[in-house]
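In the numbering used here, the protein residues as written are 2 to 140. Note that CB positions come from ideal geometry on N, CA and C, so glycine has one too.
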């Protein structure tokens, strides 16, 4: 699986949609991601792992090609607030970082939703069967 930057991921996702336009399908999954690269141990000593920020792993696949990206949103932990409340300069810096990453997430979400809207025109409609007609036919 290829881990890409957000903009590169969106362009590759567009290519996947265009490739599967006439036949095939694209599977997209979203998952909370804490930054671990190895699985957690089942027994024994479990290492204390604290994720620094909230991340979302976005994967897309057409069965042959797999692409993925990580969308990150920086959050300030309560410990950081305790350390920062004495230093106003650090608080301003952290709030600035939070605003920048929030803008990046909103930018990615808007581009992602526009991409989905543009490429979901080839969906097949389901046949809706009414329950009223079935009951009259059985009687």
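Segment limits, beta strand (DSSP E) that includes residue 56: Per DSSP, the unbroken beta strand (DSSP E) holding residue 56 starts and ends at 55-62.
Per DSSP, what are the beta-bridge partners of residue 73 in this structure? Residue pairing by DSSP places residue 73 opposite 56 in a beta bridge.
Does the beta-carbon of residue 14 have 16 or more other beta-carbons within 10 angstroms, so that it is buried, or is it exposed? So residue 14 ends up on the buried side.
Through-space distance from residue 10 to residue 111, alpha-carbon basis: Taking C-alpha positions only, residue 111 is separated from residue 10 by approximately 14 Å.
Close Cβ partners of residue 59 (< 6 Å) along its chain, the five nearest in sequence each way excluded: Once the five neighbours on either side are set aside, the close Cβ partners of residue 59 are 31, 70.
Going straight from the alpha carbon of residue 6 to that of residue 55, what length do you get? Each residue's alpha carbon lies about 17 Å from the other.
Cβ shell of residue 129 (< 7 Å), same chain only, five flanking positions each side left out: Excluding sequence neighbours, residue 129 sits near nothing in its chain.
Determine, using beta carbons only, whether residue 25 and residue 63 come nearer to each other than 9 Å. Yes.
Rounded to the nearest angstrom, what separates residue 142 and residue 73 at their Cα positions? Lying before the first or after the last residue shown, residue 142 is absent from the chain, which here runs from 2 to 140.
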